[in-house]
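Participant:
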Amino acid sequence: VGAFGRCAEALAETGLDGVAAEAAEEASQGGRPFLGICVGLQLLYEGSQEAPDRPGLGVLPGRVDLLAGNVKRPQMQWNRLDGDPDHPMLAGVGGNPWVYFVHSYVAPVGADTLATCDYGGPVCAALARGRLWATQFHPEKSGR
């Protein structure tokens, strides 16, 4: 599990922030696919409450914020997805699959949100814009 600030810093130090932003932007417009997982989803936004001095890739508008104060942080558990089972990203996983989360910060639920889970309210669990796909959950830990 990564930290937004350290990941953004590492991308900038290696000069890969521009490469990643360009690749994600291209994917969002239907180009080569791009998949972000966990902090990879969070980095797509303009910034994060976790590291206010570090900009994100800025491909998606908005900021990643701390989970609601009425829930245990981090969310480290299995949770059910509520999403569009007809979207190619979720094809074959069945309706409302159980997936594994480890995070304390959440992206805003918005027009690009493909799936949510309930954790003190709706949490953006997956998003899609064109061929830019991202999950807050860990698909590599969520399979059978």
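Count the sequence shown with the working numbering and you get residues 1 to 144, in order.
Cβ coordinates follow ideal geometry from the N, Cα and C atoms, glycine included.
#1: Is there contact between the segment 30-40 and the segment 75-83, where contact requires at least three CB pairs shorter than 8 Å?
#2: Are at least three pairs of beta-carbons, each pair with one atom in the segment 17-31 and one in the segment 56-64, less than 8 Å apart?
#3: Along the chain, where does the beta strand (DSSP E) containing C124 start, and where does it finish?
#4: Going by beta-carbon coordinates alone, are G95 and P85 separated by less than 7 Å?
#5: Start and end of the alpha helix (DSSP H) containing D17?
#6: When you compare the CB positions of L114 and A27, do they come within less than 7 Å of one another, or not?
#7: Tell me which same chain residues have a C-beta within less than 8 Å of the C-beta of G62, skipping the five on either side of it?
#8: Output the boundary residues of the alpha helix (DSSP H) element that contains Q42.
Facilitator: The answer reads as follows:
#1: Flag = no, the segment 30-40 and the segment 75-83 do not touch.
#2: yes
#3: P122 to R129
#4: yes
#5: Annotation for D17: the continuous alpha helix (DSSP H) segment containing it runs L16 to S28.
#6: The answer is no: Cβ separation not under 7 Å.
#7: Y45, E46, A107, P108 and G110
#8: Q42 -> alpha helix (DSSP H) spans V39 to Q42.
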